[in-house]
């Protein structure tokens with residue numbers, strides 16, 4: 012039981028749980044938008060990312076990083092800046108694998124989420140929520 016408690020205390024584990032939840036939400040909302048509303052994939056991607064980023068900010072603030080040396084205002088501004096960079100990176104990866112490599116759009120989205128996850132963790136841990 013102590014081992015399980017110690018795992019939940021690990022920041023990386025909490026980040027992975029929050030990230031998995033938000034990535035699942037992002038992936039499902041993306042698929043919902045492109046299949047239900049036949050929205051162009053680039054627009055659906057931005058919408059799904061913005062929704063997931065918003066959820067991720069609140070969960071990261073509450074459960075993952077908890078403390079920051081910056082004011083909430085500065086923290087949020089840096090979060091938004093790095094989120095915009097993550098959107099650009101995600102869009103580029105999605106476009107490349109769909110338009111150039113010609114993979115299925117759902118696989119492209121999954122690859123983009125996985126590849127951007129490392130960028131998100133590093134920028135949040137060492138810049139946005141740096142304690």
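Numbering (the working numbering), first residue to last: 12 to 142.
The beta carbon of each residue, even a glycine, is placed where N, CA and C say it ideally should be.
1. Work out the CA separation of residue 122 and residue 50 for me, nearest whole Å.
2. Starting from residue 85, follow the alpha helix (DSSP H) in both directions and report where the run begins and ends.
3. Check this for me: beta carbons of residue 134 and residue 97, under 9 Å apart or not?
4. Is it buried or exposed, residue 59, if we count other Cβ atoms within 10 angstroms and call 16 or more buried?
5. Kindly list the residues whose CB is nearer than 7 Å to the CB of residue 68, restricted to its own chain and excluding five residues on each side of it in sequence; keep chain order.
6. Cα separation between residue 39 and residue 63?
Concretely, from the data shown:
1. 20 Å
2. 83-106
3. yes
4. buried
5. 90
6. 10 Å
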